[in-house]
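Asker: Got a structure here, written out as structure tokens. Questions coming.
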Amino acid sequence: MFDCASLFHWILFVSLPFYQLVVGEGTYNATRLSQILGTVNIQNNGRELDMSSNCSSEARCWCGESNDIQVADCSGLNLTAIPDFLSTVGIVDLRYNQLAVVNNTDQLPQNLLYLDLSNNRLANFTGNPFDHLAKLAYLDLSDNYLSYSPSIYTLDLFSCLTSLTFLNIKGNNERSGSDLLHYPDAISSLLGLTTLKMDGLKNARLGDVLSPLKKLATLDLSGRNGHCWIDHMTEDFFEGVVSSLVDIDLSTCKIVYIDNGTFRSLPNLTVLSLSGNNQLTFNVLINLTYDLQATNIHKLFLNKLHCTYGVGTFLFQEDLMLLNNTRLEELYLDFNRIELVEDTMMQYLPDSLKLLSVAGNKFTLGKYLLAMHFLDSLKYLDVSLQFSPHGSVGEMLEQCFDWRCPKETKNESQEPRSLKFYGKWRPSLYLPRNLEVIDGHSSSFRGEIGDFNFMERNIIKQFDLHDNLLQSWKGPIRNLHRVEYIDLSYNSCGHVTTHFFEDFPNMTTLNVSHNNLGEVFKNSATSDILKQLKSLEKLNMTHNKIDRLPEGVLRDLSALRQIDLSFNQLTDWNVKIDHMYQLQLLNISYNRLIVLSKSFMDAVDRMTKITNLTLDLRGNPLRCDCNKLDFLKWVSRRKSLFINIETYDCRITNETQISFGDLGNIIARLERDCSDYVGIIVGTLVVIVICVSVVIGGVGYRFRWKLRYLYYMAKNRYRGYVVVRDTLDSHYNYDAFISYSDSNSSFVIHDIVENLETNHGLRLCLHQRDFLPGNEIAVNITNAISNSRKTVAIITNSYLDSYWCMFEFNMARMESVYTRAEENVLFLILYEKLPRRQIPMDVLDVIESDSYIEYPDDEQGNVVFWDKIREAISG
């Protein structure tokens, strides 16, 4: 007869080093092996696993290595027989095939550690199929047709599996005949078993099978991923079961009642789940909590003990007060239709409680909130999914008669009325002093977030309020100095004040995505909304209909590492970012950007010298035309900056677009096409500009004095200068305007004034004497010429070199041509001998018209000279 023990000792002797590594030292226990296979499955699906040499006779199996263990993944291949495997394979996955009978496993290697035969068509075993798998640590036979019958699970079926620590035989029993089923006796031979998953049977005794399993720590009898029909848990339910049990899952087992004393024989019980037994109701809590005082309970799952749809229920103090005698750390009361809690209950919960989950209930405001601060050790509070539907359509038809109303009392503290403290102008919420996380997502909170205080010295770090209807964020919210994470997404918010975020100095992550903040950020005054978040590292503003942002909206956020503004309506980007030396990701994908500005590109160039910045521009209608060529060249130079740049599209026209995967050819084509007509256009424009400039310059030079004359005459009229005429001559104020340079002022004052004005009564206009102070020189000159019958110019070298003398000369010429009907107004006195080549053409023209006289500078000649001058002025 085959001796399994002898075989095992022989194998142990031969392979002792390997055995110590894998089993003896626990390097690869059942949980670790399962994690390895899970990693391999993910890699296989993504085709990331490196293929090694073929490890099986079935070529379709995926073979690879993970953590120095060879893996053969043959799942989902419709196999009807187990293929052969190499002796080096340590993990075999044969899930989701068509295996009907396990009659021989010789094809499996002797060193096999992990075998998964779940979700096949197995209905029986023949012979000793596992007799050579002494090293097997993990065996999964779930979801087959291996009903708990002695003819299937023979007493020695698992006798050779001396290293097995994990066994799953759930989902192998149909409901029919479940009352007659018993737990398989074959399990009692698995002395090293630590985890056992079975279908929960009605009226079957656990102790008969589990009493020898001194190492058993985890027992799963739940109806999740299997079947469970436990109806009534009697006081002797765990009789004979080892006291080493740590984790028991009895969820979804159709349990109706639990006797007092059921769990008292399990002193090491740490985790217990009774969730999904919706006929138990909270009435079971008195018996349950009484028993749990004798255990080491740390986690208690009591979700959905009430049916789904019905009137809200009430939680009494005595329901949970005995938990105060335990070291419970996590309590789950989700989906129980809890509406109110007895005011004094909080103070009876254990001081050790760190996590309280009451998600999916129907809480209304009550004075029980004032007692929250009694939970000194509480770190995590989950009040999410309030008033949310969480059951199937079929559950709506269930008859829910499990409603419990508050006790009748005259004590005002027990009345479930609205909280009086909310009547204060600035209410303060007193939460547990060690609370770090509040999860209130999807709880139908609505309205505005107003001015609100939290108690001082709190250490709250995370707030999750996403998927509510908090449409206005006014604030400020005070005393949240340690908050690091806030999620306000999916709130349809369209109003945020500039001081809402002013008291969050340590916030590192802010999620305000899926709101309506587009209108909020259109006003430049909103640049200050985020300015106090100086520690912010991650900002998510995706899906907000934002079409523009103020330039300085991020100016104070130098600690930012990630900015997500994807799925908005931005048409340009003018926001300053070059002060963010830690920025690693700017996501502006799926907006309406056609091009990025030169200032933005320069800022990115500066930043990339300091930080590893990446940009995401996917889904933007980028344009490929001549005007965008500089941008495209910049993108080409900076390809490493962009996430999945090969997926970007570039529009040539509204109907035509090409991929950035061929960006180099796009740029070359644009350079060629653009240069063909850009050069022509630029050249033509240059020629036109030159021609027009020459024409305008020539005309202007040709008529420069006319233009000046007309300008100053018009200016005089505009300023309202009125010519005051002499009573003796209604046309002119002066007989002559004397135009001379300052170097000839002695001749003018002593000779001309004396001979013409003093001796002969002519009235002369001299700039040193008669110009109005305060007026512009040009205005005085044009006024003097127009108010004088003649202009007498004293021509000398200094006169010809003087700008203002030549100005007077040319203004007098223009006066004679355009105002005096070509009357000879200008008369020249050649005071010095001048070479002809030194005299300008304009002056020569006047000289050649005989409108001049030379100064004789002798006594007889002077008499004739002054007579001619007087005659010329008076004529």
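Under mature numbering (1 follows the signal peptide of the UniProt record, and there is no 0), the residues of the sequence shown are numbered -24 to -1, 1 to 851, in order.
For glycine and all other residues, C-beta sits at the position ideal for the given N, C-alpha and C.
Just so we're clear, the structure is a prediction, and the values are computed from it rather than from any experiment.
#1: To which residues does DSSP link S333 through a beta bridge?
#2: Tell me whether Y129 is buried or exposed, calling it buried when 16 or more other Cβ atoms sit within 10 Å of its Cβ.
#3: Taking the C-alpha atoms as reference points, what is the distance between D843 and Q744?
#4: Quick test of your reading: L561 and I539, contact by CB under 8 Å. State the CB separation rounded to the nearest angstrom.
#5: Report the start-end ranges of each alpha helix (DSSP H) in the stretch 762 to 786 that is 4 residues or longer and not cut off at the edges.
#6: When burial is assigned at 16 or more other CB atoms within 10 Å of the CB, is V671 buried or exposed?
#7: Taking 7 Å as the limit between beta carbons, can you name the residues of its chain near V551, skipping five residues before and five after?
#8: D548 by DSSP, collapsed to three states: which one?
#9: What residues are listed by DSSP as bridge partners for S42?
#10: Give me, in chain order, the residues of the same chain whose beta-carbon lies closer than 7 Å to that of Y121; leave out the 5 immediate sequence neighbours on both sides.
#11: Scan the stretch 780 to 835 and note each continuous beta strand (DSSP E) run of 3 residues or more that stays entirely inside, going in chain order.
#12: Within 10 angstroms of its Cβ, does I453 collect 16 or more other Cβ (buried), or is it exposed?
#13: How far does the alpha helix (DSSP H) with G183 in it extend, from its first residue to its last?
#14: For E315, report the span of its beta strand (DSSP E) as first-last.
#15: Who pairs with V463 in a beta bridge, going by DSSP?
#16: Going by DSSP in three states, G(-1) sits in which element: helix, strand or coil?
#17: Given a cut-off of 9 Å on the beta-carbon distance, is the pair N253 and S227 in contact?
#18: Taking the alpha carbon of T138 as the point to measure from, which residue in L281, N144, L109, L131 has its own alpha carbon closest?
#19: Where does G176 fall in DSSP's three states?
#20: What does the Cβ neighbour count give for H490, buried or exposed, with the cut at 16 atoms within 10 Å?
#21: Take L261 as the anchor and find which of G237, T284, L411 has the nearest alpha-carbon.
#22: Considering only C-alpha positions, which residue in the set T265, N588, S635, S850 is nearest to L608?
#23: Measure the C-alpha to C-alpha separation of A769 and T734 and round it to an integer number of angstroms.
#24: Looking at the secondary structure, which residues open and close the alpha helix (DSSP H) in which W449 lies?
#25: So, is S(-19) buried or exposed, given that buried needs 16 or more other C-beta atoms within 10 angstroms?
#26: Find the nearest neighbour of L133 within the set K338, P105, I145, judged by alpha-carbon distance.
#27: Specify, as a first and last residue, the run of the beta strand (DSSP E) that D592 falls within.
#28: If I follow the unbroken beta strand (DSSP E) through D427, where does it start and stop?
#29: Which class does H736 belong to by DSSP, given the choice of helix, strand or coil?
#30: Buried or exposed: where does C777 fall if 16 or more other Cβ atoms within 10 Å of its Cβ makes it buried?
#31: Quick check: the stretch 616 to 627 against the stretch 589 to 602, are at least 3 beta-carbon pairs closer than 8 Å?
#32: Could you spell out where the beta strand (DSSP E) holding L608 opens and where it closes?
#33: Please state whether the Cβ-Cβ distance between L748 and R846 is less than 9 Å.
#34: To the nearest angstrom, how far is it from the Cα of S333 to the Cα of L278?
#35: If distances are taken between C-alpha atoms only, which option among L309, A270, M209 comes closest to F258?
#36: What first and last residue would you give for the beta strand (DSSP E) that runs through V580?
Answerer: Looking at the coordinates:
#1: Bridge partners of S333: Y308, D358.
#2: Counting every other CB atom within 10 Å of its CB across the protein chains shown gives Y129 a total of 16 or more, marking it as buried.
#3: Each residue's Cα considered, the two are about 25 Å apart.
#4: The distance from the Cβ of L561 to that of I539 is about 7 Å, consistent with a contact at the 8 Å cut-off.
#5: Under the rule that a run must span 4 or more residues, the alpha helix (DSSP H) segments found entirely inside the stretch 762 to 786 read 773 to 777.
#6: By the 10 Å Cβ count, V671 comes out exposed.
#7: Around V551: L525, E527, V529, L530.
#8: In the structure shown, D548 adopts coil according to DSSP, grouped into three states.
#9: Under the DSSP definition of a beta bridge, S42 partners with I45.
#10: Hits under 7 Å: R97, L98, A99, N148.
#11: Those beta strand (DSSP E) runs which fall completely within the stretch 780 to 835 and span 3+ residues are 802 to 806, 828 to 830.
#12: Flag for I453 reads buried.
#13: Counting along the chain, the alpha helix (DSSP H) containing G183 begins and ends at 183 to 186.
#14: In the DSSP annotation of this structure, the continuous segment of the beta strand (DSSP E) that includes E315 starts and ends at 314 to 317.
#15: Val is not the amino acid found at residue 463; the sequence shown has Asp there. D440, N487, per the DSSP bridge assignment.
#16: For G(-1), the pLDDT reaches just 37, beneath the cut-off of 50, and the residue's location in the model is therefore unreliable, although a value from the coordinates is still provided. Shown here, G(-1) sits in a helix according to DSSP, grouped into three states.
#17: The answer is yes: Cβ separation under 9 Å.
#18: Nearest option by C-alpha distance: L109.
#19: Here G176 sits in strand by DSSP.
#20: It is buried - the Cβ of H490 has at least 16 other Cβ atoms within 10 Å.
#21: When the alpha-carbon of L261 is set against those of G237, T284, L411, the nearest one is in G237.
#22: Per the Cα distances, S635.
#23: C-alpha separation (whole angstroms): 20 Å.
#24: Segment 445 to 449 is the beta strand (DSSP E) holding W449; no alpha helix (DSSP H) there.
#25: Reliability fails at S(-19), whose pLDDT of 39 lies under 50, so the model's placement of it is uncertain and the value that follows must be treated cautiously. S(-19) is classed as exposed because its beta carbon has fewer than 16 other beta carbons within 10 Å across all chains shown.
#26: Taking the Cα of L133 as reference, the smallest distance to any Cα among K338, P105, I145 is reached at P105.
#27: Where D592 is concerned, the enclosing beta strand (DSSP E) stretches over 590 to 592.
#28: No beta strand (DSSP E) contains D427, which DSSP labels as neither H nor E.
#29: Coil at H736, not helix or strand.
#30: Note that residue 777 is Asp in the sequence shown, not Cys. That one is exposed.
#31: Put simply, the stretch 589 to 602 touches the stretch 616 to 627. At least three CB pairs are less than 8 Å apart.
#32: For L608, no beta strand (DSSP E) run applies; the uninterrupted alpha helix (DSSP H) run containing it begins and ends at 605 to 613, by DSSP.
#33: Contact: no.
#34: Distance between the alpha carbons of S333 and L278 is about 10 Å.
#35: Checking every option, the nearest Cα to that of F258 belongs to L309.
#36: For V580, there is no enclosing beta strand (DSSP E); the residue is part of the alpha helix (DSSP H) that begins and ends at 574 to 583.
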